[in-house]
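Numbering follows our numbering, with no gaps: position 711 of the sequence shown is 711.
For each residue, glycine too, the CB sits at the ideal point set by N, CA and C.
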Amino acid sequence: MKNILLPFLLLLFFSANAQTNVRAWYADGQVWVVWETTAPLPDWYAVYAKPTAFSSTGDAVRIGQLHKFEYLCAALKEQIDTAATPRIPSQTGIGKYQLAGNEALFVFTPHQQGALFFAVVAEGATAVNTGQNITASATTFQYNPANDPVECHLQATFPSPFANGFACLAYMMWADGRQNQWENRPDFPVMANAAKNGMPSLFFISAPVGLDTTQPFPLSVWLHGGGGTARQSLAGSRAEINIRPVEGILLTHDDNLIGWRDQSPPFPDMPSWHFGWRKNYDPFTPGNLPTQEDTIVNYTQRRYLWTDAWLMRHFNIDSARIHLHGHSMGSAGATALAKCYPGHYASATIFNNGFGGPDPGSNVTVLGEPTLNFPTNLKNRAGQAVRLLSLFNLLDNCADARDLPLIRHWHGKNDDNGTMRWDPYVIENYRKADSLGMGVQNMWSERAHGVDMSPEYNDHWIDGALPAQQTAVDNVGFAEARFRSNQSLPAFFNHRLDPLNNDPGTGLLGINNGDGDNWGAWGGYHRWNTGNITDLPGGWSVVAWLESNAIFDNDNCPNDNLTADLAIRRPQAFKPATGTLLNWSVRNAETGVTLQFGQTAVQADDLVVIPQVVVFRENIRRVRITVVDPSVATAEPQRGISGMAITPNPASDVAVLAFENHTPAKEAELRMIASTGNAIYMKIPVLEDENRIPLAGFEHLPAGIYMVEINLNGQREAVKWVKM
1 MKNILLPFLL LLFFSANAQT NVRAWYADGQ VWVVWETTAP LPDWYAVYAK PTAFSSTGDA
61 VRIGQLHKFE YLCAALKEQI DTAATPRIPS QTGIGKYQLA GNEALFVFTP HQQGALFFAV
121 VAEGATAVNT GQNITASATT FQYNPANDPV ECHLQATFPS PFANGFACLA YMMWADGRQN
181 QWENRPDFPV MANAAKNGMP SLFFISAPVG LDTTQPFPLS VWLHGGGGTA RQSLAGSRAE
241 INIRPVEGIL LTHDDNLIGW RDQSPPFPDM PSWHFGWRKN YDPFTPGNLP TQEDTIVNYT
301 QRRYLWTDAW LMRHFNIDSA RIHLHGHSMG SAGATALAKC YPGHYASATI FNNGFGGPDP
361 GSNVTVLGEP TLNFPTNLKN RAGQAVRLLS LFNLLDNCAD ARDLPLIRHW HGKNDDNGTM
421 RWDPYVIENY RKADSLGMGV QNMWSERAHG VDMSPEYNDH WIDGALPAQQ TAVDNVGFAE
481 ARFRSNQSLP AFFNHRLDPL NNDPGTGLLG INNGDGDNWG AWGGYHRWNT GNITDLPGGW
541 SVVAWLESNA IFDNDNCPND NLTADLAIRR PQAFKPATGT LLNWSVRNAE TGVTLQFGQT
601 AVQADDLVVI PQVVVFRENI RRVRITVVDP SVATAEPQRG ISGMAITPNP ASDVAVLAFE
661 NHTPAKEAEL RMIASTGNAI YMKIPVLEDE NRIPLAGFEH LPAGIYMVEI NLNGQREAVK
721 WVKM
């Protein structure tokens with residue numbers, strides 16, 4: 001639809017006007033070059049510049065070349081209104097200048113103060129004529145990144161067509177394109193190569209009307225699939241996955257790289273997979289196929305990150321609550337962003353990522369032949385170049401950081417869409433993520449590839465269009481209310497080892513074919529109290545449970561309990577070194593009764609892992625999981641009991657438990673807990689003025705390791721005892 005519609009739209013607004021009235025002015029960190037167009041429209045215009053006047057393009061430097069979809073900002077006509085034209089800073093610096101229907105635009109980003117003549121020539125032309133296609137005088141421009149930075153520019157506001165109560169704002173920005181991708185301005189990174197200098201990009205903000213902007217609020221980013229647009233994902237669209245912010249705003253981007261001009265049939269929009277394109281990609285050069293290895297630069301990622309920074313500069317966005325969402329190609333792009341810039345994002349919610357990247361033979365001009373797997377400009381933790389196909393899977397590291405944001409993934413066993421299809425590579429990604437405790441929750445079901453409500457989209461996680469008939473866990477509001485990038489998280493993993501969990505099978509396409517379970521979740525039922533995580537140098541704790549109180553019944557864990565290992569990811573203060581011996585325990589969060597305990601040594605790369613933690617449905621009990629480094633003094637408030645010690649330890653018969661009791665008591669409740677979880681309870685008198693308890697009556701216990709827990713006036717403390 002897009003490729004048929006746009007040429008028709010563009011021709012509506014142009015009559016036979018001469019290519020005249022080229023003028024330029026400086027504002028908001030950039031130079032705005034405007035001219036009147038002629039019909040029929042050329043495929044492209046080129047822009048040349050020089051400090052002095054010139055009469056031929058051969059006497060000046062070409063600073064940009066734009067396809068007609070770009071110099072007319074056709075995305076505005078397609079996604080806002082067929083008569084829409086760009087709104088840019090005015091020549092006076094006050095208000096906006098609205099381009100006329102027959103005017104075109106190029107935007108130049110200076111890297112130093114100066115003055116230039118600007119000329120515009122149509123495809124194939126070289127002549128520059130005074131009073132026709134060159135500015136009347138040199139345009140003076142400034143360079144002041146600190147006080148006059150590059151800005152985005154509001155184009156339109158309108159209510160969301162998909163939901164009441166949301167205002168939508170359309171913005172545009174124009175890229176600085178240079179062949180040296182490291183030649184950044186302090187306020188504005190290079191977001192294109194030289195061939196794409198001045199490339200326009202469109203994005204939308206959806207905000208709840210009446211949003212409280214006095215308090216920091218979250219930002220949720222949505223990335224569209226292949227062939228999609230930013231407008232498709234305004235607030236309220238795709239109700240089955242509820243793209244509707246509750247506490248903050250929604251940002252949707254266009255991945256709108258203009259493609260190879262010689263392609264047949266014409267296909268002007270070729271995606272960058274929300275990442276970038278070849279450093280030597282040039283859509284204006286016929287046959288621009290890579291003949292040797294090229295570098296794929298993350299121009300698109302840079303644009304997205306800069307847009308986030310610009311929004312944080314102008315709005316009260318909480319930098320610790322930026323969340324990613326995406327479907328299909330957008331899920332691959334979200335995965336790449338989460339892996340390449342893990343510290344920037346709190347979570348990533350992705351749908352139908354097959355983890356395989358572009359199909360072989362596709363997007364060759366933009367990304368190179370996918371099977372050649374060109375390197376990118378990014379480095380992984382080993383200092384090696386990240387390659388194209390490593391970006392989109394869960395298998396390969398793409399940054400220096402150890403830990404990722406929490407990644408939550410939904411896929412379907414009936415998805416047969418290219419490299420997004422359900423296949424053995426998806427299962428390979430699932431199993432690796434589950435074995436390494438990366439902080440990935442994987443859900444699968446009977447769904448096909450689509451993300452819009454249709455009969456094929458009804459599955460285990462979505463049984464209907466109403467909110468009560470679909471999961472709430474994939475909603476934008478679910479993530480924005482819970483996760484933070486500056487907070488540690490319990491990464492439950494090794495779910496596949498618990499026989500109570502479902503299994504996705506081997507990757508065979510289709511359901512009811514004996515290949516695993518039609519639906520299931522590895523980690524998808526686990527919940528924890530994000531507002532009550534303790535993260536101190538000497539200890540870490542979290543209250544966790546399995547969902548049992550959800551409105552949508554399929555969100556509730558079908559089992560009373562599940563067993564999984566737990567890795568502490570994104571620790572903020574609790575960072576014991578590799579090899580440190582730690583004590584851990586699992587207690588009933590309400591009663592304090594110890595359910596499990598043990599010791600664990602910090603693994604390689606300083607990763608703390610607690611083995612085989614049993615977590616229960618919330619309607620049975622919540623559990624508090626605690627890890628303590630006994631070599632670090634805690635900053636916790638003084639408790640009623642301290643200085644606990646058992647002597648002798650180890651002991652073969654009677655031992656004595658000594659302690660400091662800051663709240664006098666005459667009787668203590670004692671619990672002797674075996675490593676199996678079995679416990680013996682006794683009430684024992686406290687020897688007056690001595691704070692000692694003989695461990696009499698336990699001589700019959702078999703040899704082993706026990707946790708001795710004392711309860712004095714409601715204060716609990718425990719110490720380990722070895723019975724010989």
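> Between F188 and the rest of its own chain, which residues show a CB-CB distance below 8 angstroms, the 5 nearest in sequence each way excluded?
Replying inline: Counting only Cβ-Cβ distances below 8 angstroms, and skipping sequence neighbours, we find G29, T109, P145, P149, V150, D176, W306.
> For A491, is the beta carbon positioned less than 6 angstroms from some heavy atom of the ligand FMN?
Replying inline: With respect to small molecules bound, the structure shown includes none, and the ligand FMN cannot be examined in it.
> Once you ignore the five residues that flank P637 on each side, which residues in its own chain have a CB closer than 7 angstroms to its CB?
Replying inline: Unreliable positioning characterises P637 in this predicted model, as indicated by a pLDDT of 35, which lies under 50. The coordinate reading is nonetheless provided below. Within the same chain, P637 has no close Cβ partners at all.
> Which term fits L404, buried or exposed, when burial requires 16 or more other beta carbons within 10 angstroms of its beta carbon?
Replying inline: L404 comes out buried.
> What residues in its chain sit with their C-beta under 8 angstroms from that of L582, if we drop five residues either side in the sequence?
Replying inline: Counting only Cβ-Cβ distances below 8 angstroms, and skipping sequence neighbours, we find P576, Q599, T600, A601, V602, V608, V627, V628, D629, P630.
> I think M172 touches L219, with their Cβ atoms under 8 angstroms apart; what is that distance to the nearest whole Å?
Replying inline: The pair is not a contact, with the Cβ atoms about 19 angstroms apart (cut-off 8 angstroms).
> Could you give the uninterrupted runs of the beta strand (DSSP E) lying entirely in the region 508 to 536, keeping only those of 3 residues or more?
Replying inline: Here the runs fully enclosed are 520 to 522, 526 to 528, 534 to 536.
>> Tell me which residues share the same chain as N649 and place their Cβ nearer than 7 angstroms to its Cβ, disregarding the 5 neighbours each side in the sequence.
In response: Excluding sequence neighbours, N649 sits near A655, W721, V722.
>> Applying the 10 Å Cβ sphere with the 16-neighbour rule, what's the burial state of R484?
In response: With 16 or more other Cβ atoms within 10 Å, it is buried.
>> Less than 6 angstroms between C-beta atoms, sequence neighbours within five positions excluded: which residues of the same chain meet that for Q612?
In response: Excluding residues within five positions, the ones whose Cβ falls inside 6 angstroms are T563.
> Is it true that the CB of G354 sits closer than 7 angstroms to the CB of V426?
Replying inline: Yes, the Cβ-Cβ distance between V426 and G354 is below 7 angstroms.
>> For R617, would you say it is in contact with chain D, using Cβ-to-Cβ distances shorter than 7 angstroms as the test?
In response: This model lacks chain D altogether, as it is built from one protein chain only.
>> Contact defined as beta carbons within less than 8 angstroms: I believe E480 pairs with G248. What is the distance between those atoms, to the nearest angstrom?
In response: G248 and E480 do touch by the CB rule: their CB atoms are close to 5 angstroms apart, below 8 angstroms.
>> Quick check on this structure: which residue in Q155, T135, R185, F158 has the alpha carbon closest to the alpha carbon of N147?
In response: Nearest to N147 by C-alpha distance, out of Q155, T135, R185, F158, is R185.
> For P370, does the three-state DSSP call read helix, strand or coil?
Replying inline: P370: helix per DSSP, three-state reduction.
> Residue range of the beta strand (DSSP E) that T38 falls in?
Replying inline: Run containing T38: none; DSSP gives neither H nor E here.
>> Closer than 8 angstroms is the cut-off here; do at least three beta carbon pairs connect the region 105 to 120 with the region 43 to 54?
In response: Yes, since at least three Cβ pairs between the region 105 to 120 and the region 43 to 54 fall closer than 8 angstroms, the two stretches touch.
> By how many angstroms is the C-alpha of A320 removed from the C-alpha of N711?
Replying inline: Taking C-alpha positions only, N711 is separated from A320 by approximately 40 angstroms.
> Contact check, F574 vs W584 under 8 angstroms by CB: the rounded distance?
Replying inline: Not confirmed; about 12 angstroms, so no contact.
>> Once the 5 residues before and after D474 are set aside, which same chain residues still bring their CB inside 8 angstroms of it?
In response: Excluding sequence neighbours, D474 sits near I241, N242, T349, F351, R408, W410, W461.
>> By the three-class DSSP mapping on this structure, what secondary structure does P342 have?
In response: The answer is helix: DSSP assigns P342 an H, G or I state.
> So what does G326 bridge to, in DSSP terms?
Replying inline: Answer is L223, I350.
> If you follow the beta strand (DSSP E) that E103 is part of, which residue opens it and which one closes it?
Replying inline: Per DSSP, E103 belongs to the beta strand (DSSP E) from 103 to 108.
> Are the CB atoms of G356 and T419 nearer to each other than 7 angstroms?
Replying inline: Yes, these two residues count as a Cβ contact at 7 angstroms.
> DSSP on R402, reduced to helix/strand/coil?
Replying inline: If DSSP states are grouped into helix, strand and coil, R402 belongs with coil.
>> Do T135 and R303 count as a contact pair if the criterion is CB distance below 7 angstroms?
In response: Contact flag unset, no.
> For the alpha helix (DSSP H) that Y45 lies in, which residues bound it at each end?
Replying inline: Run containing Y45: none in the alpha helix (DSSP H); it sits in the beta strand (DSSP E), 44 to 50.
>> Can you give me the C-alpha to C-alpha distance between S347 and C73, rounded to a whole angstrom?
In response: CA-to-CA, the gap between S347 and C73 works out to about 33 angstroms.
>> Taking the alpha-carbon of P283 as reference, which of K196, G412, Q113, V615 has the nearest alpha-carbon?
In response: Looking at the Cα atoms, K196 is the closest of the given residues.
> For A372, which option in L378, K379, N363, Q142 has the closest C-alpha, if you only look at C-alpha atoms?
Replying inline: Before going further, note that residue 372 is Leu rather than Ala in the sequence given. Out of L378, K379, N363, Q142, N363 has the C-alpha closest to the C-alpha of L372.
> How long is the line joining the alpha carbons of T57 and A75, rounded to whole angstroms?
Replying inline: T57 and A75: Cα-Cα distance of roughly 29 angstroms.
>> Alpha carbons only, please: which of T580, A46, S55, L99 is nearest the one belonging to V34?
In response: Ranking T580, A46, S55, L99 by Cα distance to V34 puts L99 first.
>> Give me the residue from G131, H224, H526 with the minimum Cα distance to S328.
In response: For the set G131, H224, H526, the Cα lying nearest the Cα of S328 is the one of H224.
> What are the residues that DSSP puts in a beta bridge with I610?
Replying inline: Within the DSSP bridge table, the entry for I610 names L566 as partners.
> So, R622 versus A589, is the Cβ gap smaller than 7 angstroms?
Replying inline: Result yes, Cβ atoms of R622 and A589 sit closer than 7 angstroms.
> At which residues does the alpha helix (DSSP H) containing A309 begin and terminate?
Replying inline: Where A309 is concerned, the enclosing alpha helix (DSSP H) stretches over 299 to 314.
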